[in-house]
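Student: Structure in structure tokens, see below.
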Amino acid sequence: MLDGCNTHAHKNILCLDPSLKEDLCHFLMFRGIALLAAFWWKRASVHDTRAFSSAPMKYILVTGGVISGIGKGIIASSIGTILKSCGLRVTAIKIDPYINIDAGTFSPYEHGEVFVLDDGGEVDLDLGNYERFLDIRLYKDNNITTGKIYQHVINKERHGDYLGKTVQVVPHITDAIQEWVIKQAKVPVDNDTREPQICVIELGGTIGDIEGMAFVEAFRQFQFRVKRDNFCNIHVSLVPQPTATGEQKSKPTQNSVRALRGLGLSPDLIVCRSTKPVEMPVKEKISMFCHVEPEQVIFVHDVSSTYRVPVLLEEQGIITYFKQRLNLPIDEQPSDLLFKWKRMADRYERMVQNCSIALVGKYTKLSDCYASVFKALEHSAMSINHKLNLMYIDSVELEDSTKNEDPVKYHKAWEKLCKANGILVPGGFGLRGTEVVLLRIFPVYFLFTLRFLLLLVLCWEPVVYLLQ
1 MLDGCNTHAH KNILCLDPSL KEDLCHFLMF RGIALLAAFW WKRASVHDTR
51 AFSSAPMKYI LVTGGVISGI GKGIIASSIG TILKSCGLRV TAIKIDPYIN
101 IDAGTFSPYE HGEVFVLDDG GEVDLDLGNY ERFLDIRLYK DNNITTGKIY
151 QHVINKERHG DYLGKTVQVV PHITDAIQEW VIKQAKVPVD NDTREPQICV
201 IELGGTIGDI EGMAFVEAFR QFQFRVKRDN FCNIHVSLVP QPTATGEQKS
251 KPTQNSVRAL RGLGLSPDLI VCRSTKPVEM PVKEKISMFC HVEPEQVIFV
301 HDVSSTYRVP VLLEEQGIIT YFKQRLNLPI DEQPSDLLFK WKRMADRYER
351 MVQNCSIALV GKYTKLSDCY ASVFKALEHS AMSINHKLNL MYIDSVELED
401 STKNEDPVKY HKAWEKLCKA NGILVPGGFG LRGTEVVLLR IFPVYFLFTL
451 RFLLLLVLCW EPVVYLLQ
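With the UniProt record's numbering as the guide, the letters of the sequence shown map in order to residues 1 to 468.
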């Protein structure tokens, strides 16, 4: 048996030099403090996360002014992307004030393509942007139309739910809009099946349109129903630059914001769309006359690709603003997701090789008619470090009748077709449908068509796809 200080392990400290003993005591004390601090920090973090998970839903309403088609859908998608990059669960709702029940019966020239959701819903193309930007799966009820709201209210009236009362726009239609938004905002859209924390709502059309008055009134009431800390309004407006003067004009934005305020909504952020970057004096003028801080005026000029828009918004401090305005427990520093967006946008701008694809279809006068097709081709081209050069060719221009009426247009169309690296014929019906178009280009490209089956015989690696 060992004697002295080696007899028991716990006596070793007593045999140490006094200075070493003091250092060891300090070390143990600081280590204990550090462990205790880490424990409380972790507990506080878990508490904050649980608190926000049970916190009220945050709603961000995106409205537009001056003109339609100003880019509200891309702005809404970009805002959702930024908030999702901060670790939040985001969903989206698109409101279309038309009386149609859905977009299924629209001509593509009316509102662009009809986007089909996983549940079979035929909706506006903006929901396709939401799904691509946010990597979520939406449902048909994420698209609200005037027709759906009125149908819902009329069915309730026929069922006797209003107990004989006079059914009016206010409060019955406006209440139905609010209840629909609250209910649909809670539907999980991610793979983790948890309720979203942020709901981005895009109100279609422009402020002042008679079709959208009921929705504007509904959200005027809604902002008080959910409280200020849970509601934010972003107004997208146009800053034109007439070629005659070259001066950027703020008056349309001032009038648009004035109209919005007159209807009971005050913008928290004003997003100014322009062809070129907006100058600082214009920003200060908009800030002064629209009653917002300069930091609340955001510029989004035309960029090389839509992938640059989230980066452009983040660079102007939109994360910091949302953190303060909506009391979000998020980090103000950009996340890895935003860095990936920036790298993707930079890579897109550096691409020099082009891939030319001829799209032969019925609705080529408006590019939005084939928005999802364009995005699918663009993403495929980016994956092989090529820029997409999509050439739209009207199927009529390939017909013999066009050759007789306008030979120049006929030969230009065939010239573009022959120069393309590939040909895409989207689905279509009628005299200008898919089968007719394929039969027209059959003699040139040796194509064999059997309904929707397309086989390129002279192809090293043929790709065959049959639509079910």
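Just so you know, even glycine gets a beta-carbon here, dropped at the ideal spot from N, CA and C.
Here the structure is a predicted model, which is why all the values come from computation and not from measurement.
Do the CB positions of Ser372 and Glu202 come within less than 9 Å of each other?
Tutor: Between Ser372 and Glu202, the C-beta spacing is not below 9 Å.
Student: Assign Asn385 to one of three DSSP states: helix, strand, or coil.
Tutor: In this structure, Asn385 counts as coil in the three-state DSSP scheme.
Student: Apart from the five residues just before and just after Phe133, which ones in its own chain have a Cβ nearer than 6 Å to its Cβ?
Tutor: Ser77, Thr81
Student: What does DSSP give as the partner residues of Ile234 in its beta bridges?
Tutor: Val62, Leu269
Student: Could you spell out where the alpha helix (DSSP H) holding His152 opens and where it closes?
Tutor: 146-159
Student: Rounded to whole angstroms, what's the CA-CA distance from Gln178 to Ile423? Just pull it up for me.
Tutor: Gln178 and Ile423 have their C-alpha atoms spaced approximately 46 Å apart.
Student: Taking 8 Å as the threshold, find out whether the region 228-246 comes into contact with the region 58-71 through three or more Cβ pairs.
Tutor: yes
Student: Pull up the distance between the alpha-carbon of Ala253 and that of Glu131, whole angstroms please.
Tutor: Reading off the sequence, residue 253 comes out as Thr, not Ala. Cα to Cα, the separation comes out at about 30 Å.
Student: Near Lys249, which residues of its chain fall below 6 Å by C-beta distance, leaving aside the five closest residues on each side in sequence?
Tutor: Pro240
Student: Do you know whose CA, among Gln221, Thr145, Thr166, Ile136, lies nearest Arg194's CA?
Tutor: Ile136
Student: Hey, would you say Ser237 sits closer than 9 Å to Val278, going by beta carbons?
Tutor: no
Student: By Cβ distance below 8 Å, which residues in the same chain neighbour Ile384 in space, the five residues on each side in sequence not counted?
Tutor: Cys355
Student: If you scan the region 87-125 from start to end, which runs of the beta strand (DSSP E) of 3 or more residues do you find wholly inside it?
Tutor: 90-96
Student: Should Met391 and Lys416 be called a contact, given that it needs their Cβ atoms to be closer than 9 Å?
Tutor: Against a cut-off of 9 Å, the Cβ pair of Lys416 and Met391 comes out as a contact.
Student: Alpha carbon to alpha carbon, how far is Lys148 from Lys140?
Tutor: 11 Å
Student: So, helix, strand or coil for Tyr410, using DSSP?
Tutor: helix
Student: Going by other Cβ atoms of all chains shown within 10 Å of its Cβ, with 16 needed for buried, is Ile210 buried or exposed?
Tutor: exposed
Student: Touch check for the region 334-353 and the region 79-95: three-plus C-beta pairs under 8 Å?
Tutor: yes
Student: Quick one, which of Arg273, His291, Ser274 has its alpha-carbon nearest Arg261's?
Tutor: His291
Student: To the nearest angstrom, report how far apart Arg325 and Gly73 are at their CA atoms.
Tutor: Rounded to the nearest angstrom, the two C-alpha atoms are 22 Å apart.
Student: Hey, could you find the ends of the beta strand (DSSP E) Ala358 is sitting in?
Tutor: Looking at the DSSP string, the run of the beta strand (DSSP E) that includes Ala358 is 354-361.
Student: Just the Cα atoms here: how many angstroms apart are Ala244 and Gly317?
Tutor: 34 Å
Student: Any idea what DSSP makes of His301, helix, strand or coil?
Tutor: strand
Student: Identify which residue in Val282, Tyr307, Met288 has its Cα closest to the Cα of residue 478.
Tutor: Nothing about residue 478 can be read from this structure; the chain reaches only from 1 to 468.
Student: Indicate whether Ala92 and Val200 have their beta-carbon atoms separated by less than 9 Å.
Tutor: yes
Student: Name the residue from Gly246, Phe219, Ser256 whose alpha carbon lies nearest to the alpha carbon of His235.
Tutor: Ser256
Student: Measure the C-alpha to C-alpha separation of Ile67 and Lys251 and round it to an integer number of angstroms.
Tutor: 14 Å
Student: What are the boundary residues of the alpha helix (DSSP H) that Glu397 is part of?
Tutor: Element bounds for Glu397: n/a, residue is neither H nor E.
Student: How many Å lie between Val90 and Leu359 at the Cα?
Tutor: 34 Å
Student: Pull up the distance between the alpha-carbon of Phe215 and that of Tyr410, whole angstroms please.
Tutor: 47 Å
Student: Please name the residue in Met280, Glu293, Pro242, Gly246 whose C-alpha comes closest to that of Pro267.
Tutor: Glu293
Student: Would you identify the three-state DSSP class for Cys369, choosing helix, strand or coil?
Tutor: helix
Student: In terms of residues, what are the limits of the alpha helix (DSSP H) holding Val187?
Tutor: Where Val187 is concerned, there is no enclosing alpha helix (DSSP H), given that its DSSP letter is neither H nor E.
Student: Can you tell me the Cα-Cα spacing of Asn143 and Trp180, whole angstroms?
Tutor: 10 Å
Student: If the criterion is Cβ atoms closer than 9 Å, does the pair Ala259 and Gly208 meet it?
Tutor: yes
Student: For the alpha helix (DSSP H) containing Pro286, name the first residue and the last one.
Tutor: According to the sequence as given, residue 286 is Ile; it is not Pro. Element bounds for Ile286: 280-289.
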